[in-house]
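Colleague: Could you have a look at this structure, given as structure tokens, before my questions?
Numbering (the numbering used here), first residue to last: 186 to 470.
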């Protein structure tokens, strides 16, 4: 796979206004992503993963720093970046086909009606959903809805596919099937993917690099782990693979050490609070 730097996050910071003042969610996030790379963002809840994704999507404007995609600054949503959320977000009154077709029609591409039809069918076929093209979202399973959501995103021909825990709400077997489908699609299209996940095995299986986030506030990138496993990857063969298990261990070690650090800080604060509370009671007495 030929690589070319085409997405850059430079000194990205994000503050949110709160009743107690500004909350610093992200600080000094720097990341260079190659064309065709599959990147996973992993970290504890509240570490700013979704904030990073939303900034790349153009849904949030960074307070500091910025994002450059192919030498153009990202400051609003655009068709070159498509998002797949944990909730499929399909329009319930439209069939699977019509949901994908709507996305294609909203993307400037100059296709004829026949070409649009062929393109919609092609993308449904990519995610193995041709058989359910006429089904409404209420008539298909959660996993099938996510497949349609992925087809809709791919049909926009984005330079970057952004996935926010796309398999988080699915059962283990459905999740595994969808992971395999995403690997097939990535191998076929060679598109750039940024995915948020809490699943260590998923991150190692799918990624070229795993970006591990520190805990917030002022969350940033703690470590970046390159995953140098040959593709295509087979989850059954990798289960006993020494290198795979080494990568898995490295991610778990990072997450465990960061979590332990947070717990120790919280414990320290609780002890301080108890001391202050005890001192106050003594003074009152």
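From the three backbone atoms N, C-alpha and C, an ideal C-beta is built for every residue, glycine too. Everything numeric in this text was worked out from a predicted model, so none of it was measured.
With a threshold of 6 angstroms on Cβ separation, who are the neighbours of residue 200 within its own chain once the five nearest residues in sequence on each side are excluded?
Modeller: 207, 209 and 248
Colleague: CB-CB under 7 angstroms to residue 418, same chain, minus the five flanking residues each way: which ones, in chain order?
Modeller: Same-chain partners within the cutoff: 368 and 390.
Colleague: On the premise that residue 280 lies in contact with residue 254, defined as a C-beta separation below 8 angstroms, what is that separation, rounded to the nearest angstrom?
Modeller: Wrong, their Cβ atoms sit about 32 angstroms apart, outside the cutoff.
Colleague: Sort 433, 431 and 404 by Cα distance to residue 212 and report the nearest one.
Modeller: 404
Colleague: With the cut-off set at 8 angstroms, would you say residue 259 and residue 233 are in Cβ contact?
Modeller: no
Colleague: Quick check: the region 344 to 352 against the region 301 to 315, are at least 3 beta-carbon pairs closer than 8 angstroms?
Modeller: no
Colleague: Determine the DSSP secondary structure at residue 468, reduced to helix, strand or coil.
Modeller: With a pLDDT of 48 at residue 468, under the threshold of 50, the modelled position of this residue cannot be trusted; read the value that follows with caution. The answer is helix: DSSP assigns residue 468 an H, G or I state.
Colleague: Would DSSP call residue 196 helix, strand or coil?
Modeller: strand
Colleague: Just the C-alpha distance for residue 285 and residue 278, rounded to the nearest angstrom, thanks.
Modeller: When rounded, the distance between both Cα atoms is 13 angstroms.
Colleague: What residue ranges within the region 364 to 419 form continuous alpha helix (DSSP H) runs of no fewer than 4 residues, ordered along the chain?
Modeller: 385 to 391
Colleague: Curious, which full-length beta strand (DSSP E) runs of at least 3 residues does the region 309 to 367 contain?
Modeller: 345 to 349
Colleague: Using the C-alpha atoms, what's the distance from residue 268 back to residue 442?
Modeller: 31 angstroms
Colleague: Taking the alpha-carbon positions, what's the residue 291 to residue 329 distance?
Modeller: 23 angstroms
Colleague: Taking 8 angstroms as the cut-off, decide whether the C-beta atoms of residue 396 and residue 238 are in contact.
Modeller: no
Colleague: Here's a check: name, in chain order, each residue in its chain whose Cβ is nearer than 6 angstroms to the Cβ of residue 353, leaving out the five neighbours to either side.
Modeller: 271
Colleague: With which residues is residue 225 paired in a DSSP beta bridge?
Modeller: 380 and 395
Colleague: Would DSSP call residue 291 helix, strand or coil?
Modeller: coil
Colleague: Which of the three DSSP states is assigned to residue 433 in this structure?
Modeller: Assignment of residue 433 by DSSP, reduced to helix, strand and coil, places it in the helix class.
Colleague: Pick out whichever of 326, 387 and 318 has its Cα sitting closest to the Cα of residue 336.
Modeller: 318
Colleague: Which word fits residue 196, buried or exposed, when buried means at least 16 other C-beta atoms lie within 10 angstroms of its C-beta?
Modeller: exposed
Colleague: Residue 414 and residue 435 - do their beta-carbons sit closer together than 8 angstroms?
Modeller: Contact flag unset, no.
Colleague: In this structure, what does DSSP give as the bridge partners for residue 267?
Modeller: 346
Colleague: DSSP has residue 219 in a bridge; who is on the other side?
Modeller: DSSP lists 190 as the bridge partner or partners of residue 219.
Colleague: Per DSSP, what kind of secondary structure is residue 211 in: helix, strand or coil?
Modeller: In the three-state reduction of the DSSP assignment, residue 211 falls in the strand class, which pools E and B.
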